[in-house]
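Structure first, then comments.
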Amino acid sequence: MPRALAHARRCIAGVSLRPLSGLPDELEAQIEASAESYNHQRYHESINNVTPADV
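Those letters in the sequence shown? Residues 1 to 55, per the numbering used here, in order.
See below:
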């Protein structure tokens, strides 16, 4: 599990180019947008080039 978590962190870091906001609501919205992109838009080679939502 730690290996998968490290990979996810690297992927999210690559997607999150905007600075994080200091306001809790804005920060939560940015995290949700990153998770949405990671799970529904970005294809993952390790799962045969589909999104995690498609698995």
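For each residue, glycine too, the CB sits at the ideal point set by N, CA and C. Owing to the predicted nature of the structure, the values given are computational and were not obtained by experimental measurement.
#### Entry: Contacts around I47, its chain only, beta-carbon distance under 6 Å, and the 5 residues preceding and following it disregarded
V55
### Message
Could you give the first and the last residue of the continuous alpha helix (DSSP H) run that contains N48?
### Response
Element bounds for N48: n/a, residue is neither H nor E.
### Task
Return the CA-CA distance between A6 and L27, expressed in angstroms with no decimal places.
21 Å
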